[in-house]
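Engineer: The opening residue of the sequence shown carries number 1 in the UniProt record's numbering; numbering runs sequentially from there.
Note that the Cβ used here is the ideal one computed from N, Cα and C, for glycine as well.
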Amino acid sequence: MSTHAEPTGPTGSTGPTGSTGPTETTEPPSALLARAVVTALLAHGVRDVVVAPGSRNAPLSFAVHDAATAGLLRLHTRVDERSAAFLALGLTRAGARAAVVCTSGTAVANLHPAVLEAAHSGQPLVVVTADRPARLRGTDANQTTDQVGIFGALVATHDLAGPDDVPVLDDPWGPVHLDVQLDDPLLPAAPWRPGVVPGERPARVRPAGVDRIPLGPRTVVVAGDDAGPPARQLAERAGWPLLAEPSSGSRTGTHALRCYRLLLDTDLARSVERVVVVGHPTLSRPVMRLLGRDGVEVWATPGRGAWPARPYRVDRPLGGGRFELVDPAGDPAADPPAEVAAEPVRTPWLEAWLEADRAVARRLDALVAAEPGLTAYAVAGAVVRATPPGGLLVVGPSNPVRDLDLMQTGFGVGARRFVVANRGLAGIDGMVSTAIGAALGRPHSTRAIALLGDVTFLHDSNGLVLGPDEPRPDLTLVVVNDDGGSIFATLEQGAPEHADRFERLFGTPHGVDLAALCAATRTPHWRVESMPELEQALASPAGGIEVVEVRVPRQDRREVDARIRGLAAD
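1) If contacts are defined as beta-carbon pairs under 8 Å, then Ser445 and Gly390 qualify, I think. What distance do you get, rounded to the angstrom?
2) DSSP puts Cys102 in a beta bridge; with which residues?
3) According to the neighbour-count rule (16 or more other Cβ atoms, all chains shown, within 10 Å of its Cβ), is Arg322 buried or exposed?
4) Helix, strand or coil: which one does DSSP assign to Arg558?
5) Three or more C-beta pairs closer than 8 Å, one from the region 418 to 426 and one from the region 363 to 374: is that the case here?
6) Report the residue ranges of all beta strand (DSSP E) runs contained in full by the region 475 to 554; include only those spanning at least 3 residues, in chain order.
7) When you compare the CB of Arg472 with every CB in chain D, is at least one pair closer than 9 Å?
8) Note down, one range per segment and in chain order, each beta strand (DSSP E) of at least 3 residues found wholly within the region 64 to 98.
9) Can the beta-carbon of His255 be found closer than 9 Å to that of Leu242?
10) Pull up the distance between the alpha-carbon of His158 and that of His177, whole angstroms please.
11) How would you call Asn481, buried or exposed, if buried means at least 16 neighbouring beta carbons within 10 angstroms?
12) Check whether the region 47 to 57 touches the region 104 to 113, counting contact only when three or more Cβ pairs, one atom from each stretch, lie closer than 8 Å.
13) So, at 6 Å on beta carbons, what are the nonlocal neighbours of Ala68 in its own chain, with the 5 sequence-adjacent residues on each side left out?
14) Can you grab the Cα-Cα spacing for the pair residue 580 / Met288, in whole Å?
15) So the candidates are Arg97, Val275, Trp299 and Arg442; which of them puts its Cα closest to the Cα of Leu125?
16) Give every residue of the same chain whose Cβ lies closer than 7 Å to the Cβ of Thr20, excluding the five residues on either side of it in the sequence, and list them in chain order.
17) List in chain order: all unbroken beta strand (DSSP E) runs of 3+ residues lying wholly within the region 157 to 232.
18) So, do the region 466 to 477 and the region 80 to 99 have three or more beta carbon pairs nearer to each other than 8 Å?
19) Looking at Arg274: is its Cβ nearer than 9 Å to the Cβ of Val296?
20) For Gly278 versus Leu215, is the C-beta distance shorter than 9 Å?
21) Rounded to whole angstroms, what is the Cα-Cα separation between Val395 and Asp164?
22) Can you name the start and end residues of the alpha helix (DSSP H) that Arg289 belongs to?
23) Spatial neighbours of Tyr260 within its chain, please: CB distance less than 6 Å, with the 5 preceding and 5 following residues excluded, ordered by chain position.
24) When you compare only the Cα positions, how much space is there between Pro246 and Pro28?
25) Between the alpha carbons of Trp307 and Pro230, how many angstroms are there, rounded?
26) Going by DSSP in three states, Ala366 sits in which element: helix, strand or coil?
27) Would you list the residues sitting across from Phe418 in a DSSP beta bridge?
28) Using only CA atoms, which one of Val222, Val128, Gln123 and Gly122 lies nearest to Ala99?
29) Using alpha carbons as the reference points, say which of Val37, Arg56, Glu117 and His65 lies closest to Ile428.
30) Per DSSP, what kind of secondary structure is Glu236 in: helix, strand or coil?
31) Residues in its own chain within less than 8 Å of Ser83 by CB, not counting five upstream and five downstream?
32) Could you tell me the boundaries of the alpha helix (DSSP H) in which Ala439 lies?
33) Can you tell me the Cβ-Cβ gap for Glu546 and Thr523, rounded? I've got them flagged as a contact below 8 Å.
34) Taking the beta carbon of Asn142 as the centre, do at least 16 other beta carbons fall within 10 Å, making it buried, or is it exposed?
35) Starting from the C-beta of Ser250, find all residues in its chain whose C-beta is less than 6 Å away, skip the five residues before and the five after it, and write them out in chain order.
36) Can you tell me the Cβ-Cβ gap for Arg56 and Ala130, rounded? I've got them flagged as a contact below 8 Å.
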């Protein structure tokens with residue numbers, strides 16, 4: 001945590017003798033500006049605000065507290081700005097509307113990882129930063145830097161000098177930055193009694209229009225992060241295989257493949273003629289090779305984040321995810337439109353993929369079961385089984401999300417688990433806080449579990465630092481601890497010829513005692529080393545935030561990964 005405290009100026013003037021407090025006109029300008037900002041947040045539908053402590057943002061903090069006291073929003077405080085921002089991002093990803101508030105200087109820079117993730121995944125995070133008044137800009141005043149536009153061209157910034165500068169927040173498709181110039185005095189003269197009527201959260205409106213997609217070519221549907229039900233509906237109405245990542249929101253129904261990554265180097269995959277892409281695919285090199293292959297036609301919706309252009313050739317750009325099937329001659333097919341439910345269509349092309357998928361899945365399960373002790377794959381499978389319908393599953397980057405991708409069996413429509421992953425930039429930043437935020441933002445979940453690697457967990461261990469009055473969800477953090485970065489063992493740098501440098505540069509063993517780390521924050525911790533122990537821990541949540549640490553080996557990760565990739569060999 002950076003140190004942001006500093007002396008404040010004199011307080012504002014008091015109200016007349018015998019009054020209950022000063023009027024708005026007797027409040028200092030900083031308090032009036034802060035209240036205008038909070039009023040705009042409420043009108044925008046913000047119901048959760050995360051505040052990191054500081055002096056320059058004191059007017060904002062007081063205004064947020066007053067709005068929370070009035071029952072208009074829920075206040076969260078965090079001592080680490082980076083964790084605060086990811087907490088707000090997790091709330092946003094779960095469907096809440098959230099804002100993060102911090103003071104000036106390096107505090108603002110600590111928000112940047114979460115802001116970038118929000119920008120590249122199209123999440124409407126609201127970022128409110130306190131700044132020095134304009135007269136101090138360009139000087140060496142304490143904790144003063146260039147904050148206007150600090151997040152770059154990807155984020156809309158509003159420089160606010162007074163209440164009249166506060167914008168109407170109406171863009172739900174990405175983060176927005178409010179940089180608030182606050183001058184002394186920084187303390188309000190009296191508590192604020194907001195009289196605003198809370199606004200409604202802006203709806204995410206589907207782009208207008210319907211994309212007409214002809215039947216005919218041998219087609220697969222690729223559903224990346226946040227693709228949603230339209231990808232599944234399209235696949236089922238056309239009789240096409242569905243290659244859906246865990247966080248796509250599409251991995252349900254009868255057409256979703258479990259082991260699609262392993263099937264993409266087979267003769268069956270080499271006969272693909274067309275790919276329809278929905279959402280943001282990030283997990284699989286075989287998928288990216290398919291999208292870049294000569295002779296494969298790619299139809300794709302635009303990315304939802306700051307950069308909608310795809311990194312591969314798109315032969316036919318699509319709209320926002322409403323599809324109508326037509327026959328090869330261009331006439332509407334017999335299938336009903338997306339909004340109308342229909343029995344899934346089965347075709348010989350689909351059946352070939354489903355049969356291959358079932359065969360490889362049986363081999364994969366046998367391989368995992370035959371491994372001595374626990375493996376990361378077995379842990380992912382246990383977590384999937386422990387997440388009930390309607391549950392929340394937050395999954396970290398690197399190996400955990402890829403292990404889940406292979407071990408997640410299909411769920412029925414209406415029984416899906418809400419899977420959250422920060423795939424905009426796929427960094428390891430802030431995942432503990434993201435998981436806590438998602439669990440707080442989705443209190444109706446039947447269960448909340450997070451699956452994280454040990455390095456990811458350590459990177460945001462500050463996320464476990466919660467004050468005694470903070471809202472705490474029921475959340476089980478499953479930490480797969482292989483003492484380092486095993487993802488690199490499966491990549492080029494993990495090849496035997498680099499073994500003499502691998503551990504120092506990429507394996508990075510840390511030797512951290514996670515039990516002691518959890519004890520420092522009074523977080524319940526269980527260490528398990530067998531499947532029965534893991535299943536028992538998952539079946540008996542203690543309530544609140546808890547950590548289940550699972551020790552797995554790392555030395556054989558590359559060899560096991562190679563054997564898994566060979567399961568679908570022709």
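Structural biologist: Quick look at the numbers:
1) 6 Å
2) Thr129
3) buried
4) helix
5) no
6) 475 to 481, 525 to 528 and 545 to 551
7) The chain labelled as chain D is not found in the depicted structure, where only one protein chain is given.
8) 74 to 77
9) yes
10) For His158 and His177, the gap between their C-alpha atoms comes out near 6 Å.
11) buried
12) Contact annotation: the region 47 to 57 touches the region 104 to 113, with at least three C-beta pairs closer than 8 Å.
13) Leu75
14) Because the chain is modelled from 1 through 570, residue 580 falls outside the range shown and cannot be assessed.
15) Arg97
16) Note that Thr20 scores a pLDDT of 38, beneath 50, so its modelled location is shaky; the value from the coordinates is reported in the next line. Cβ within range, chain order: n/a, list empty.
17) You should have 176 to 181, 211 to 214 and 219 to 223.
18) no
19) yes
20) Note that residue 278 is Val in the sequence shown here, rather than Gly. Not a contact, by the Cβ cut-off of 9 Å.
21) 42 Å
22) Where Arg289 is concerned, the enclosing alpha helix (DSSP H) stretches over Arg285 to Leu291.
23) Leu243
24) 51 Å
25) Between Trp307 and Pro230, the C-alpha separation is close to 21 Å.
26) It is helical.
27) Leu392
28) Val128
29) Glu117
30) helix
31) Spatial neighbours of Ser83 in its own chain (CB-CB distance under 8 Å, excluding positions within 5 residues in sequence) are listed in chain order as Gly430, Val432, Ser433, Asp460, Asn462, Gly463 and Val465.
32) Met431 to Gly441
33) 7 Å
34) Classification of Asn142: exposed, given that the 10 Å Cβ count is below 16.
35) Ala223, Ala227, Ala231, Arg232 and Ala244
36) Right, the Cβ-Cβ distance comes to about 4 Å (below 8 Å), so this counts as a contact.
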